[in-house]
Amino acid sequence: MENKTIGQLLKEWDVGETTIAAFEANEISVPDLVLLTDDDLKDLVPLIGPRNKIKRELSKMKTNGNKVLELSKDQEDIFNEIVQEAQDNNSEIQSTQTVILNSETSVNEQRAEKQSTTSNVNDKPSQKKSKTSSSYSYDLNAVLEAAGGAGELILKSYKSQGALNDSNRSSLARIIINSETAGDFNKRVTTDRASFIATKIVETFPSELVSTWYRTEYRSDGKSKIVKGRLMRRFYSQRKAFKKLGVLTNKDSDTEEEENLDEDLTGDPDDETANSVNESYIWLTNGNISPWTRVLSAWKDTSKKRLKELQTPVALEESGEGLQGKRNHLKPKKVKTTYAKVTSYTEKFPQIVEPEGWSLLEIDFECLQKSSILKMDTAYEKLEKFVLHKLQKLDSDTLFDDFHLKPQSVRSAFIFLSLSQLFPVSTVATHQKKSWRPSRQEMRDSFLLQVNSYGDLKTQLEIRQKKLQQFNVTAQPLAVIIKETAKNNAVKYKCLVKFDNIEYSGLESPLKAVDLAFKSYHALHACYPAESEAMWFFLQKAIYQFTTKWDKHFDIVEILAREFQKFQI
């Protein structure tokens, strides 16, 4: 086994020539198998069958006490081999970096000499600055050249295709992190360094996005943020593998960088204003729904207070243990938190259930994002032309020649129903072991559901609710259009937004239905529908143009939003 190449071993496992080629192109040796993470395997082996076959074989090797994986017996020899390989791969990189650093040192020395002849400036700050500057030197081309075939493959692939694919990105992340750690298990890659390298990646590969390689996102509590992106993901995966194998000697915490933030919606009101807000709040929670003018006034007065409550996590009850459960007085138990459910919120404020309740959600959305309240109306024309432009690239047929002659309601329905074609279908994260990969139809229906009758709507909602419950996913407000065709073949739509037992009907167009659904998610502090999450984030970024601390990152959203921004009508 020890004398076998990775190609020979994989051939025995019968995983196919494509998989073998992927491992060889990335210069993965047999000892490297112990360091591969699940993400690595997914990138190297996209097909589930061969990937599972490799996992089974690795499990067998470990169970059978194979020397390659029984690191407790032969750990030192194997890791010496890995370290030597990493050092060999990075010797040229280090040499290149040394040249760069020496060159910079020479330049800095010359500058220092020149400065010393004209002024008596203390040289200690200059030395510190030189050190900082040197630590951020980086030549990605040199790193790739030193990586041999794997680096050359990335450069050639980009040159021929004008873009990197997922396999290229995984290889690039592996090469970069290996060059940064240079065979030292305890060496760390700082977030500042990763952020800097991400900009260098985009300089070398202009079609890439910095956020793909390094970014920060807020945790679900909305207060602290975590570091994400391919570079730090690769680094932490590697650290996790090393830690599991017991080769780390550095005991520093491996927790990701956090930054506590808190956005106060309540402001600092004076006593008189606070009393007025509290009176209006109590009046609303008492269930008053008339006169409606008083409802609107009280709703505006209490917007900040109610929104703050919605955005504040609450402790999850644990059966039989109260809010926090049993607590060890020496080591307090961490309390799990969640946000208030929409159902409990509408029960507390029954005004939302009223037919005109949609206007209350618009009031709260305006409180959150005042400059975005009319963005859909003003940007729709550009959105329509942008989507048509993208669709025509996907389909060369002349289906859109008379599109401008159709009624606005028909055009907007078509645009929003077709928007899903611009997005890949993604697997939905669930709280269960089994995953859910929605169909493209399910993705489209969760964004804008088109039915032919109320009976059909009831059936579709029941089917959807059953599917969501199966995967423990919460149903969110849903934009709906009921298509009606007159005798003269003229098409009309009944447009509404529906969630729980609430229905806002009588909306003037599909455009208004989508717009109201979007505003509802933010006014109710609800998540976007899981199946079409990326589509809603695209609208948020490209049309409504705002960000929140709860946003998720999607590469396709960043790409399309950037294209939309540059698109000319």
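Last residue of the sequence shown: number 569 in UniProt numbering, and the count goes up by one each step with no gaps. Cβ coordinates follow ideal geometry from the N, Cα and C atoms, glycine included. No experiment lies behind these values; they were computed from the predicted model shown.
In this structure, DSSP gives Ile415 a helical state, which the three-state scheme calls helix. By the Cβ-count criterion, Gln450 is buried, with 16 or more other Cβ atoms from all chains shown falling within 10 Å of its own Cβ. DSSP places Ala429 outside both helix and strand once states are collapsed to three, so it counts as coil. According to the DSSP assignment, Gly506 belongs to no alpha helix (DSSP H) but to the beta strand (DSSP E) extending over 502 to 507. For Ala479, the enclosing beta strand (DSSP E) has its first and last residue at 478 to 485. Sequence-distant Cβ neighbours of Glu180 in its own chain, meaning closer than 6 Å and more than five residues away, are Val189.
Taking the Cα of Asp139 as reference, the smallest distance to any Cα among Ser170, Ser344, Glu203 is reached at Glu203. For Ile226, DSSP records a beta bridge to Glu217. An exposed status is given to Ala274, since fewer than 16 other beta-carbon atoms sit within 10 Å of its beta-carbon. When beta bridges are read from the DSSP output, Val491 appears opposite Thr485. Here Thr212 is buried. Its C-beta has 16 or more other C-beta atoms within 10 Å. Phe414 sits away from Phe447, with the two beta carbons spaced by 8 Å or more. Taking C-beta atoms as the reference points, Ala517 and Leu468 fail to come closer than 8 Å.
In chain order, Leu361, Pro477 place their CB closer than 6 Å to the CB of Ser520, counting only its own chain and leaving out the 5 sequence neighbours on each side. Under DSSP, Lys498 shares a beta bridge with Leu478, Glu503. The straight-line gap separating the alpha-carbon atoms of Lys300 and Glu279 is approximately 13 Å. Minimum Cα-Cα distance from Ile363 among the listed residues Leu524, Lys552, Arg239, Pro350 corresponds to Leu524. Taken atom to atom, the span from the alpha-carbon of Ser409 to that of Phe423 is near 23 Å.
One thing to note: Thr346 has its Cβ no nearer than 8 Å to the Cβ of Ile556. Sixteen is the threshold: since fewer than 16 other Cβ atoms of the shown chains lie within 10 Å of the Cβ of Leu374, the residue is exposed. Buried is the label assigned to Trp536, since at least 16 other Cβ atoms lie within 10 Å of its Cβ. Restricting attention to Ile482, Ala25, Leu231, the CA atom closest to the CA of Ala147 is found in Ala25.
Under DSSP, Leu449 shares a beta bridge with Val480. Take Pro529, set aside five residues on each side of it, and the residues of its chain with a beta-carbon closer than 6 Å to its own are Ser446, Gln476, in chain order. A distance below 8 Å separates the beta carbons of Ile569 and Lys385.
Every unbroken stretch of the alpha helix (DSSP H) spanning 4 or more residues and falling wholly within the UniProt domain "SAM" (1 to 64) is given here in chain order: 6 to 12, 17 to 25, 38 to 44, 48 to 63. Contact between Val425 and Arg411 fails: their C-beta atoms lie close to 25 Å from each other, not under 8 Å. In the DSSP annotation of this structure, Pro424 is not part of any alpha helix (DSSP H), being labelled neither H nor E. With contacts defined by Cβ atoms closer than 8 Å, Leu496 and Ala513 form a contacting pair.
Around Leu248, the same chain offers Phe185, Asn186, Arg239, Phe242 as residues with beta carbons nearer than 8 Å, after the five sequence neighbours per side are excluded. Between Val428 and Glu563 the beta-carbon gap is near 25 Å, outside 8 Å, which marks them as no contact. Trp292 sits in a helix when the DSSP states are folded into three classes. Contact annotation: Ile197 and Leu172 have beta-carbon atoms that are not nearer than 8 Å. Here Tyr281 really is in contact with Lys305; their C-beta atoms are around 6 Å apart, less than 8 Å.
Rounded to the nearest whole angstrom, the CA to CA distance from Gly357 to Ser420 is 29 Å. Taking the Cβ atoms as the reference, Glu484 lies roughly 7 Å from Lys494, within the contact range of under 8 Å.
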